[in-house]
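For reference, the structure is listed below as structure tokens.
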Amino acid sequence: MAQGSVKALRLYGVASSDSNSSSLAAGTSVVHFRHISAIVEEAAYSKVAMTAEEVKKYTAIVEEVYANTAILPAPPGTVFKSRENLHGWLELHYFSLVEALGHVEGHSSARLVLAVAESPKNDEAVKQLQTLASEALRVFRKTSAATMTHPAEEGEEGVITKASFLVESDKWEEFANAVAAEAKRHHEFEFRLTGPWPPYDFVQMQFAG
Numbered sequence: 123m124a125q126g127s128v129k130a131l132r133l134y135g136v137a138s139s140d141s142n143s144s145s146l147a148a149g150t151s152v153v154h155f156r157h158i159s160a161i162v163e164e165a166a167y168s169k170v171a172m173t174a175e176e177v178k179k180y181t182a183i184v185e186e187v188y189a190n191t192a193i194l195p196a197p198p199g200t201v202f203k204s205r206e207n208l209h210g211w212l213e214l215h216y217f218s219l220v221e222a223l224g225h226v227e228g229h230s231s232a233r234l235v236l237a238v239a240e241s242p243k244n245d246e247a248v249k250q251l252q253t254l255a256s257e258a259l260r261v262f263r264k265t266s267a268a269t270m271t272h273p274a275e276e277g278e279e280g281v282i283t284k285a286s287f288l289v290e291s292d293k294w295e296e297f298a299n300a301v302a303a304e305a306k307r308h309h310e311f312e313f314r315l316t317g318p319w320p321p322y323d324f325v326q327m328q329f330a331g
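Following our numbering, the numbering of the sequence shown begins with 123 at its first residue and continues without gaps.
Listed below in structure tokens is the structure:
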């Protein structure tokens, strides 16, 4: 194959799929390896600027696949130099990818923010609120397959803690009701629940080696 004809591929994620599927989302194609498929589109082999438009496109593709099958979302802007490079990566990490897909299959990600109306005045007040927030989140950890906490970002006024929970999709309403019930017990916080989302926060892909 001539060097000029080699096409780079932008990777959106890896999904459970049989070899009969030619596409899992509009505007994309797939690269199959055994029982998994990489969701891709042709792209320039260069860094992708993740503008608001690109983020919207990425999210739409991942969520379209997620609506129909388990998916491991790739980091936004991931590009492989060629189909051969991507196929080799799928082969190298096949068992890890299959195991990860089994972990997220039938699950959705919930994102929960606990915030207060006014930012605490001192470190002691922050510690007290963080302790209360940790107690509130403990209830949800017991009913989740996995949990991740995230630090508040600069400029997020009043945010005490943020967490993601991997929840069984068919028990989403039950989880949301539990959040609402806990919010009634903790009037000091505003509980902000969003989702269900694809498992963005519970996937770590390895690209070295």
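All C-beta atoms, glycine included, are put in the ideal place defined by N, C-alpha and C.
First through last residue of the alpha helix (DSSP H) which encompasses residue i
i	result
H209	R205 to L214
Y188	A174 to Y188
S256	D245 to R263
Residue i - containing beta strand (DSSP E), residue span
i	result
W289	Reading off the sequence shown, one finds Val at residue 289, where the question assumed Trp. Looking at the DSSP string, the run of the beta strand (DSSP E) that includes V289 is V281 to E290.
F313	E312 to W319
S138	A130 to S138
Proximity to residue i [Cα-Cα], best of the options
i	options	result
Q252	I282, A232, F262 and F287	I282
A174	E290, R156, P198 and T191	P198
P321	E176, A192 and F155	A192
R132	L146, S204 and V187	S204
I161	L194, A222, N207 and E240	L194
G317	F287, Q250, A300 and K129	F287
T265	H229, K306 and Y188	H229
Environment of residue i [buried if 16+ CB atoms lie within 10 Å]
i	result
K284	buried
A124	In this prediction, A124 has a pLDDT of 44, which is less than 50 and means its spatial position is unreliable; what the coordinates show is noted afterwards. Exposed: under 16 other Cβ atoms inside 10 Å.
Q328	exposed
F217	exposed
A232	buried
G135	buried
Residue i in three-state terms, based on DSSP
i	result
L151	The amino acid at residue 151 is misidentified as Leu; the sequence shows Ser. Looking at S151 - three-state DSSP - the assignment turns out to be strand.
F202	strand
Y167	coil
F297	helix
Sequence-distant residues of its chain with Cβ nearer than 7 angstroms to residue i (five each side left out)
i	result
A298	L315
V248	P242
S144	S151 and V152
A302	none
Own chain partners of residue i with C-beta closer than 6 angstroms, once the 5 adjacent residues on each side are dropped
i	result
E186	A147
V170	G199
M270	S286 and D323
Contacts around residue i, its chain only, beta-carbon distance under 8 angstroms, and the 5 residues preceding and following it disregarded
i	result
S139	L146, V152, H154, H157, I158, S159 and T191
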